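J.: For the sequence shown, our numbering gives the first residue as 16, with consecutive numbering after it.
Here it is, the structure in full.
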Amino acid sequence: MKLVFAMRVTLLVVAVSGAARAAQVETRAAPPTAPARAVPTYDLTLRLLPSAHRLEASGIVVVPPSNAERAVLAFGLRAEMRAPRVTVLAPSASAGEATLRDVGPDNGPDGRRRASTRWELVPARAFTANEPIALQFDYAGGEDAIDDGYFRVATDGSFAATNGSAWIPVFDGDEGLGTLRFVVPRGEVVVASGALVERTDAGDESTFVFRLAEPSIVGFAAGAYTVVRRREGRIPLSVYLFSQHPRVEGLLDVLARSLGVLEREFGPFAFRELALVESSPDAARSEGFDGMALPGFFLLQGDALRHEPLDVVPIAHELAHQWFPYLARGAGGATPLVLDEGLAHYGALRVVEELDPTGAIAARRRGLRRALRMIAAGYDSPLGALPNKASSYSLSVFKGAHVYDMLSRHVGREAFRGALRRIATEHARGSFTLPDLLAAVERAAGRELDEFYAAWFGRAGCPTLALSWQQGERKLECTITQSSLPYRLDVPIQIALADGTLLLRRMQVESVTTSLELEVPQPVAAVALDPELELFHATPEQWQEARDLAWLTRGEFLRDTGRTDLAIERMLEGLSHLPEVDANGVEFRLRAGVGELHERAGRLEEAALAYERALGLSVRPKQHVGHAQLGLARVASDLGDRKRAIEAARAALASELENGELTLTTDRALALLARLGADESSD
16 MKLVFAMRVT LLVVAVSGAA RAAQVETRAA PPTAPARAVP TYDLTLRLLP SAHRLEASGI
76 VVVPPSNAER AVLAFGLRAE MRAPRVTVLA PSASAGEATL RDVGPDNGPD GRRRASTRWE
136 LVPARAFTAN EPIALQFDYA GGEDAIDDGY FRVATDGSFA ATNGSAWIPV FDGDEGLGTL
196 RFVVPRGEVV VASGALVERT DAGDESTFVF RLAEPSIVGF AAGAYTVVRR REGRIPLSVY
256 LFSQHPRVEG LLDVLARSLG VLEREFGPFA FRELALVESS PDAARSEGFD GMALPGFFLL
316 QGDALRHEPL DVVPIAHELA HQWFPYLARG AGGATPLVLD EGLAHYGALR VVEELDPTGA
376 IAARRRGLRR ALRMIAAGYD SPLGALPNKA SSYSLSVFKG AHVYDMLSRH VGREAFRGAL
436 RRIATEHARG SFTLPDLLAA VERAAGRELD EFYAAWFGRA GCPTLALSWQ QGERKLECTI
496 TQSSLPYRLD VPIQIALADG TLLLRRMQVE SVTTSLELEV PQPVAAVALD PELELFHATP
556 EQWQEARDLA WLTRGEFLRD TGRTDLAIER MLEGLSHLPE VDANGVEFRL RAGVGELHER
616 AGRLEEAALA YERALGLSVR PKQHVGHAQL GLARVASDLG DRKRAIEAAR AALASELENG
676 ELTLTTDRAL ALLARLGADE SSD
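Here's what the structure looks like:
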């Protein structure tokens, strides 16, 4: 056995030494924007114990050589994996048990890694230069896992990813190569980075072996899934579901059509197959994500997958991440999020434009609202200089995608498509910067775009546009007023005539006030500014709403970054800064937000009180009432008050029906009533 182990170590070290030498050669030969990457090589056995919320890991990690001697080697590992044991296997001069020092939290190279500890490994003798380092790791934990950092081992699904969590030892980056063996309870299925090369069943356990042949983010998902596959087409498709889906073929159709649109926009899909994996709503909510993409697959909340009509946007967004960042990764100081997240969401908008044009307009409106709130709350910088941290996420996604869409319209869809395909090809398996992208667009367009870039990547905020109009004898005068420091804009105007005819005109706007007189054949019923929201802009009413909600936005940002108690403080502080006229229901939303935060923290009595105070207010935004009533229903159920839970869940359903739109709140209220054994005749 010792001989076999020694051979494994030798083979791994030899492989890494060869790869490192090859990387040095490739780096000299390749373009500077796409260097070969020297990453750790893993040979790990990972046992998942979902009922115990525990991960047990053992195996070898080979760290690439450095051109300098190292007396200390730093790595990150999940905080719950206390007291890891590390033995140095190579180089031989440093072999033996290593000393470990806990040096505090490890946030990773981009500041986005969560709930991890940074360790310093001190060998018996310093690691010599230009030799790989082979380490034997043994660690376990997870029972007291923090619900933060894209790591979960549970009966309702397990998952992890190195770009959000050091669930395996991570060193300078978050990518790796090698072999991962997952041992799970029989009946569970694993999907992971790399290629599945072996599956075996023995007793009450199953083993899934994955091999990563190229540098990759390392992640997995596991659960008691039913797998539905579609093999026709160039890329095999799979859907991993916890239970039967009544429209699974329709789901596969959406996946296939989305893939087709994105291949046209970005170029060929780079992985052997594509999988969509269901995550339980509770698991996703506790970890703070709606979806999570990994190379070759992505996770989405189950209730979103089962809601009718299906929202294509989150599916397309996570799918687009297979190109950005998993084919070509954004880099370059302050802007990676604008590249990775912004381009992924641009891809989602293009998919929805093809599959459901009306839905694309609605998606842009939702995104605009979220971006405006972040701008008004003070989380604003130019897109070309957004700090690479969590507060930049919403602007990167929603403003970034909208601006890319504007740029695509400005230069022509085909030219922009060509630029993105060129980026994905020239920087495949490497990285690119915002200047790389903008230069590629200029080349594709055949002209300079300095003015557009200065306005939309060099300025923070956005224009605020107000339209007024008056009609004379067969004349229509339209006036657009925009905020100070005006933008130069080509603004669409839709004119509705008395007989229902719609006319589309465009106004060239470049000053604070611009007027245009148009001839019209008959009386005008209405005039709308930018009805399809081509331009990223706010109306005065939208900007006022965003400002009113600034304290709520700050609290929600703290919530989304795992700082629950500080989020509650911000929302309660916001109650002292309510607008004189609370037209947007700010107090309601703050109190309901506090209720949701207490609920997440397990403070059920405080949550119930906050929800009840919100629901007792006279100004209640109708689109948010059902969500608060459902929160109260959940809390009452957890407190054992079945009658109160049923009443609140039914009230949530009534609010949804009154709004005339069935949402995820509707689905969740119905599911809660079913769990409570209630129907419309229940008392």
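We treat Cβ as the ideally placed atom computed from N, Cα and C, and that holds for glycine.
Model, not experiment: these values are computed from the prediction.
Alpha carbon to alpha carbon, how far is G275 from A1? Give it in angstroms, no decimals.
T.: Given a span of 16 to 698 for the chain in the structure shown, any question on residue 1 remains unanswerable.
J.: Name the residue from F174, G191 and L192 whose alpha carbon lies nearest to the alpha carbon of V204.
T.: Numbered from its first residue, the sequence shown carries residue 204 at position 189. Comparing Cα positions, the closest option is F174.
J.: May I have the straight-line CA-CA distance separating A239 from A686, to the nearest angstrom?
T.: What you label residue 239 is simply residue 224 of the sequence shown in a count that begins at 1. What you label residue 686 is simply residue 671 of the sequence shown in a count that begins at 1. Distance between the alpha carbons of A239 and A686 is about 20 Å.
J.: Identify the residues that DSSP records as bridge partners of V206: which are they?
T.: Position 191 of the sequence shown, counted from the first residue, corresponds to residue 206. Per DSSP, A236.
J.: Using the C-alpha atoms, what's the distance from D305 back to E584?
T.: Counting from one through the sequence shown, the residue named residue 584 turns up at place 569. Counting from one through the sequence shown, the residue named residue 305 turns up at place 290. When rounded, the distance between both Cα atoms is 25 Å.
J.: Kindly indicate which residue of W566, F472, D597 and V539 has the alpha-carbon position closest to the one of L422.
T.: The count along the sequence shown starts at 1 and reaches residue 422 at position 407. Looking only at W566, F472, D597 and V539, the smallest Cα-Cα distance to L422 is reached by F472.
J.: Please name the residue in P80, R93, N178 and A72 whose C-alpha comes closest to that of N145.
T.: The residue labelled residue 145 in the question sits at position 130 within the sequence shown. Distances from the CA of N145 to each of P80, R93, N178 and A72 were compared; the closest alpha carbon is that of P80.
J.: Distance, Cα to Cα, A359 vs R365?
T.: Residue 359 sits at position 344 when you count from the first residue of the sequence shown. Residue 365 sits at position 350 when you count from the first residue of the sequence shown. Linking A359 to R365 through their CA atoms gives a straight-line distance of about 10 Å.
J.: Kindly indicate which three-state DSSP category Y408 falls into: helix, strand or coil?
T.: Locating residue 408 in the sequence shown gives position 393, where the first residue counts as 1. Helix, per DSSP.
J.: How long is the line joining the alpha carbons of K414 and R385, rounded to whole angstroms?
T.: For this step, residue 414 is matched to residue 399 along the sequence shown. For this step, residue 385 is matched to residue 370 along the sequence shown. One C-alpha to the other measures close to 9 Å.
J.: D395 to R574, Cα distance in whole Å?
T.: If you number the sequence shown from 1, residue 395 lands on position 380. If you number the sequence shown from 1, residue 574 lands on position 559. Approximately 18 Å, taken between the alpha carbons.
J.: Can you give me the C-alpha to C-alpha distance between A38 and V54, rounded to a whole angstrom?
T.: Taking the first residue of the sequence shown as position 1, residue 38 is located at position 23. Taking the first residue of the sequence shown as position 1, residue 54 is located at position 39. Residue placement at A38 is flagged as unreliable, the pLDDT there being 37, under the threshold of 50; a coordinate-derived value is accordingly withheld.
J.: Keeping to the same chain, check which residues put their C-beta closer than 7 Å to that of A110; ignore five residues upstream and five downstream.
T.: Taking the first residue of the sequence shown as 1, we reach residue 110 at position 95. For A110, the CB contacts under 7 Å within the same chain, skipping 5 residues up- and downstream, are V103 and L104 in chain order.
J.: Can you tell me the Cα-Cα spacing of F223 and P65, whole angstroms?
T.: The residue labelled residue 223 in the question sits at position 208 within the sequence shown. The residue labelled residue 65 in the question sits at position 50 within the sequence shown. Approximately 16 Å between the Cα atoms of the pair.
J.: Does R428 come out as helix, strand or coil in the three-state DSSP assignment?
T.: In the sequence shown, residue 428 corresponds to position 413, counting from 1. Helix at R428.
J.: With DSSP as the reference, label F166 as helix, strand or coil.
T.: Start at 1 with the first residue of the sequence shown, and residue 166 comes out as number 151. F166 falls in the strand class under three-state DSSP.
J.: Keeping to the same chain, check which residues put their C-beta closer than 6 Å to that of S633; ignore five residues upstream and five downstream.
T.: The residue labelled residue 633 in the question sits at position 618 within the sequence shown. Closer than 6 Å at the Cβ level, and outside the excluded window around S633, lies no residue.
J.: Using the Cα positions of A290 and L270, report the straight-line distance between them to the nearest angstrom.
T.: Within the sequence shown, residue 290 is the residue found at index 275, counting from 1. Within the sequence shown, residue 270 is the residue found at index 255, counting from 1. Cα-Cα distance, rounded: 9 Å.
J.: By the DSSP assignment, the beta strand (DSSP E) with A89 in it spans what residues?
T.: The residue given as residue 89 occupies position 74 in the sequence shown. Following the DSSP letters along the chain, one finds A89 inside the beta strand (DSSP E) bounded by residues L88 to R93.
J.: I'd like to confirm the pairing. Which residues does DSSP put opposite L309 in its beta bridges?
T.: For the purposes of this step, residue 309 is identified with residue 294 of the sequence shown, where counting begins at 1. DSSP lists F312 as the bridge partner or partners of L309.
J.: Would you kindly report the start and end of the unbroken alpha helix (DSSP H) that includes W134?
T.: Translated into the one-based positions of the sequence shown, residue 134 becomes position 119. From DSSP, W134 is part of no alpha helix (DSSP H) but of the beta strand (DSSP E) over S131 to V137.
J.: Just verifying my parser: in three-state terms, what is the DSSP assignment at Y154?
T.: The residue labelled residue 154 in the question sits at position 139 within the sequence shown. DSSP places Y154 in strand when its eight states are reduced to three.
J.: Would L309 and S208 be called neighbours here (beta carbons separated by less than 9 Å)?
T.: Within the sequence shown, the letter at position 294 stands for residue 309. Within the sequence shown, the letter at position 193 stands for residue 208. Yes, the Cβ-Cβ distance between L309 and S208 is below 9 Å.
J.: Return the residue from the list A443, R379 and G357 that minimises the CA-CA distance to S407.
T.: One-based indexing of the sequence shown puts residue 407 at position 392. Closest option to S407, Cα to Cα, is G357.
J.: Leaving out five residues on either side along the sequence, give the residues of the same chain with a beta carbon under 8 Å from the beta carbon of A35.
T.: Counted from its first residue, the sequence shown places residue 35 at position 20. Only weak support exists for where A35 lies, its pLDDT of 43 falling under 50; the coordinates are left without a value.
J.: Suppose the cutoff is 6 Å on Cβ atoms and the five residues either side in sequence are ignored; what does the same chain contact list for R437 look like?
T.: As a working mapping, residue 437 is identified with position 422 in the sequence shown. Taken in chain order, the residues that qualify are A455.
J.: Can you give me the C-alpha to C-alpha distance between A98 and L150, rounded to a whole angstrom?
T.: If you number the sequence shown from 1, residue 98 lands on position 83. If you number the sequence shown from 1, residue 150 lands on position 135. Cα to Cα, the separation comes out at about 15 Å.
J.: Under the three-state reduction of DSSP, which class applies to E525: helix, strand or coil?
T.: In the sequence shown, counting from the first residue as 1, residue 525 sits at position 510. DSSP places E525 in coil when its eight states are reduced to three.
J.: Check each candidate in K637, A582 and G589 and name the one with the smallest Cα separation from R615.
T.: Looking up residue 615 in the sequence shown gives position 600. Nearest option by C-alpha distance: A582.
J.: Would you mind sorting G617 into buried or exposed? The rule is 16 or more other CB atoms within 10 Å of its CB.
T.: By 1-based counting over the sequence shown, the position of residue 617 is 602. Flag for G617 reads exposed.
J.: Give the straight-line distance between the Cα atoms of R140 and G608, rounded to the nearest whole angstrom.
T.: Counting from one through the sequence shown, the residue named residue 140 turns up at place 125. Counting from one through the sequence shown, the residue named residue 608 turns up at place 593. Their Cα atoms are separated by approximately 54 Å.
J.: Which residues in the same chain as W338 place their Cβ atom closer than 6 Å to its Cβ, once the five residues preceding and following it in sequence are excluded?
T.: For the purposes of this step, residue 338 is taken as residue 323 along the sequence shown, with counting starting at 1. So the qualifying residues of the chain are F281 and A439.
J.: Where DSSP assigns a beta bridge to D58, which residues make up the other side?
T.: Against the sequence shown, residue 58 aligns to sequence position 43. For D58, which the question treats as bridged, DSSP gives the partners I75 and T194.
J.: Go ahead and pull the three-state DSSP assignment for A391.
T.: Walking along the sequence shown from the start, residue 391 turns up at place 376. The answer is helix: DSSP assigns A391 an H, G or I state.
J.: Looking at C-alpha atoms only, which residue of L679, L63 and V327 is the closest neighbour of G374?
T.: As a working note, residue 374 is residue 359 in the sequence shown. Residue V327 is the option with its Cα nearest to G374.
J.: Across the region 537-545 and the region 478-490, are there enough close Cβ pairs to call them in contact, namely three or more that are closer than 8 Å?
T.: In this structure the region 537-545 lies against the region 478-490, because at least three pairs of beta carbons, one per stretch, are closer than 8 Å.
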